[in-house]
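Novice: Just add 4 to the spot in the sequence shown (first one is 1) and you have this note's numbering. The beta-carbon is built from N, C-alpha and C at its ideal position, and this holds for glycine as well.
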Amino acid sequence: MSKMKTKNISKKKRSEVLKYLSEISLIVQKHNPDSKVINKIMQIEKYLENLNFGLNFEKHYEIIEDKIKESHIFLTKDENLSINGTGNKHILIEGENLAALHHLCLNYNSKIDIICIDPPYNTGNPNLGYNDTDYIEEEDIYSHSKWLNFMNNRMNVAKTLLKPNGVMFINIDETQIGCLILLCHQIFGEENVKVLVWPKVDPKFDINRVEKTPSNLRMIHEYIILCYLDKENTEFNQMRHRPNHTGFNTPEGNYDLESIVFETGTTSSAKDEIKSIFGDRTAFSTPKPMKLIKELIRVGSGHRAVILDFFAGSGTTGHAVIDLNNEDGGGRQFILINNNINNICRNITYKRIKWAFQEYNCKDSLEFLKVKYQKK
Numbered sequence: 005m006s007k008m009k010t011k012n013i014s015k016k017k018r019s020e021v022l023k024y025l026s027e028i029s030l031i032v033q034k035h036n037p038d039s040k041v042i043n044k045i046m047q048i049e050k051y052l053e054n055l056n057f058g059l060n061f062e063k064h065y066e067i068i069e070d071k072i073k074e075s076h077i078f079l080t081k082d083e084n085l086s087i088n089g090t091g092n093k094h095i096l097i098e099g100e101n102l103a104a105l106h107h108l109c110l111n112y113n114s115k116i117d118i119i120c121i122d123p124p125y126n127t128g129n130p131n132l133g134y135n136d137t138d139y140i141e142e143e144d145i146y147s148h149s150k151w152l153n154f155m156n157n158r159m160n161v162a163k164t165l166l167k168p169n170g171v172m173f174i175n176i177d178e179t180q181i182g183c184l185i186l187l188c189h190q191i192f193g194e195e196n197v198k199v200l201v202w203p204k205v206d207p208k209f210d211i212n213r214v215e216k217t218p219s220n221l222r223m224i225h226e227y228i229i230l231c232y233l234d235k236e237n238t239e240f241n242q243m244r245h246r247p248n249h250t251g252f253n254t255p256e257g258n259y260d261l262e263s264i265v266f267e268t269g270t271t272s273s274a275k276d277e278i279k280s281i282f283g284d285r286t287a288f289s290t291p292k293p294m295k296l297i298k299e300l301i302r303v304g305s306g307h308r309a310v311i312l313d314f315f316a317g318s319g320t321t322g323h324a325v326i327d328l329n330n331e332d333g334g335g336r337q338f339i340l341i342n343n344n345i346n347n348i349c350r351n352i353t354y355k356r357i358k359w360a361f362q363e364y365n366c367k368d369s370l371e372f373l374k375v376k377y378q379k380k
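(1) Exposed or buried, what is residue 70 when buried is set at 16 or more other beta-carbons lying within 10 Å of its beta-carbon?
(2) DSSP state of residue 169, grouped into three classes?
(3) Short of 7 Å in beta carbon distance, which residues of its chain neighbour residue 59, apart from the five on each side in sequence? Order them along the chain.
(4) Just to confirm, are residue 225 and residue 204 a CB contact at a threshold of 8 Å?
(5) Is it true that the CB of residue 283 sits closer than 8 Å to the CB of residue 233?
(6) Which one of 35, 28, 34 has the shortest CA to CA distance from residue 44?
(7) Along the chain, where does the alpha helix (DSSP H) that runs through residue 109 open and close?
(8) So the beta strand (DSSP E) residue 96 belongs to, where does it begin and stop?
(9) Residue 337 bridges to which residues according to DSSP?
(10) Under a Cβ-count criterion, where at least 16 other Cβ atoms within 10 Å of its own Cβ denotes burial, should residue 110 be classed as buried or exposed?
(11) Nearest CA to the CA of residue 285: which residue from 202, 318, 334, 22?
(12) Note down the Cα distance separating residue 349 from residue 240, rounded to an integer number of angstroms.
(13) Look up residue 234 in the DSSP assignment and say whether it is helix, strand or coil.
(14) Quick test of your reading: residue 353 and residue 342, contact by CB under 8 Å. State the CB separation rounded to the nearest angstrom.
(15) Since I believe residue 202 is in contact with residue 328 (beta carbons under 8 Å), could you give me their beta-carbon distance rounded to a whole number of angstroms?
(16) In the structure shown, what three-state DSSP assignment does residue 117 receive?
(17) Starting from residue 65, trace the beta strand (DSSP E) both ways and give me its first and last residue.
(18) By Cβ distance, which residues of its chain are closer than 6 Å to residue 270, with the 5 residues on each side in sequence left out?
(19) Give every residue of the same chain whose Cβ lies closer than 7 Å to the Cβ of residue 1, excluding the five residues on either side of it in the sequence, and list them in chain order.
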């Protein structure tokens, strides 16, 4: 099969513009050698020469970026909310996750085995602020670029925390899957990014419990983007499957991770978990089942792994770590980060972790830390 021949039209156009700018610069220099216009032209030329092709999005500045630059970041321990124990040491950080990630770089650079996150899906959430009046909203024509900036800032810092064989799992729905895959390619390299499918509905059990949709299209799956730091030097453990997960008779046992992640719970079962702990099934619209996160942790890390979740939400990742340690006697540790908008960190994340400690008679310890800033 012959190779497809193409012409890079964008490259040609860019060369033409650079040529025009060079001609304009010569004319300006001839008539006014000291003109400030020449410097401006040179800046434009440099911008065009360095322009990347692929995923390009408008750059937006977050308020927290100024605060990080102007402050020393430190963590203070809340003795009243911390839990003393003799086992594994876990951490829950209350505060802006970008600031917390920067602080973790001091002690956890290249020490995290696995990152599991379930970020906001950019569906009109007003909590992703860029200034006092500029939020990411559905009708905002820059909503995709703002969300990508938000994720790019955090993922680039988080990447530095991963061990050489570390991995990141990102739960995402169809709203941002396309943009996020390209962003992951940019950060981790295309060869280190894979996409898994998670069926969030089980037709056998959820047929009458699926949320009604305004259209005739019912979304019954979401995605998990898997990012390796170095795919060639990363080996996965096997995951635990139950029989008949695909409708065929399959023996009980362990199986390699597949591109479709079966038998790991559904949105409905996740809401049942939320209800059993908080008494309200509707507290979260898109929670992830503990079983799903537990299997991702089992597959992606060893018995003494350090697991990070910087969008801790309802605390599912922490719960999964405690459950898995209880199951196999492992010594895994979690680090959870969550802001406290609407008291979510204390009333939801912390409450679930405390509940799990009691439910499993866990002898581990928990440090409850809060992000603080000191002017430089």
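Specialist: If we stick to the structure as given:
(1) Here the question's residue 70 lines up with position 66 in the sequence shown. Residue 70 should be labelled exposed.
(2) Residue mapping note: residue 169 aligns to position 165 of the sequence shown, counting from 1. Strand, per DSSP.
(3) Position 55 of the sequence shown, counted from the first residue, corresponds to residue 59. Only 186, 187, 190 meet the Cβ criterion.
(4) Within the sequence shown, numbered from 1, the residue matching residue 225 stands at position 221. Within the sequence shown, numbered from 1, the residue matching residue 204 stands at position 200. Yes. Within cutoff.
(5) Locating residue 233 in the sequence shown gives position 229, counting from the first residue. Locating residue 283 in the sequence shown gives position 279, counting from the first residue. Going by C-beta atoms, residue 233 is not nearer than 8 Å to residue 283.
(6) Residue 44 sits at position 40 when you count from the first residue of the sequence shown. For residue 44, the nearest C-alpha among the options comes from 28.
(7) The residue given as residue 109 occupies position 105 in the sequence shown. That run of the alpha helix (DSSP H) goes 101-112.
(8) Position 92 of the sequence shown holds residue 96. First-last of the beta strand (DSSP E) with residue 96: 93-98.
(9) As a working mapping, residue 337 is identified with position 333 in the sequence shown. Looking at the DSSP assignment, residue 337 forms a beta bridge with 310.
(10) Here residue 110 corresponds to residue number 106 of the sequence shown, with the count starting at 1. Classification for residue 110: exposed.
(11) For the purposes of this step, residue 285 is taken as residue 281 along the sequence shown, with counting starting at 1. When only C-alpha atoms are compared, the closest one is 318.
(12) By 1-based counting over the sequence shown, the position of residue 349 is 345. By 1-based counting over the sequence shown, the position of residue 240 is 236. Roughly 32 Å separates the two Cα atoms.
(13) If you number the sequence shown from 1, residue 234 lands on position 230. Note: residue 234 maps to coil in three-state DSSP.
(14) Position 349 of the sequence shown, counted from the start, is the residue given in the question as residue 353. Position 338 of the sequence shown, counted from the start, is the residue given in the question as residue 342. About 5 Å separates the two Cβ atoms, so the contact holds.
(15) Sequence index remark: in the sequence shown, residue 328 carries index 324 (1-based). Sequence index remark: in the sequence shown, residue 202 carries index 198 (1-based). The pair is not a contact, with the Cβ atoms about 18 Å apart (cut-off 8 Å).
(16) In the sequence shown, counting from the first residue as 1, residue 117 sits at position 113. In this structure, residue 117 counts as strand in the three-state DSSP scheme.
(17) Within the sequence shown, the letter at position 61 stands for residue 65. That residue, residue 65, is in no beta strand (DSSP E); it is neither H nor E in DSSP.
(18) Within the sequence shown, the letter at position 266 stands for residue 270. Here the set comprises 204, 205, 206, 210.
(19) Since the first and last residues shown for the chain are 5 and 380, residue 1 lies out of range.
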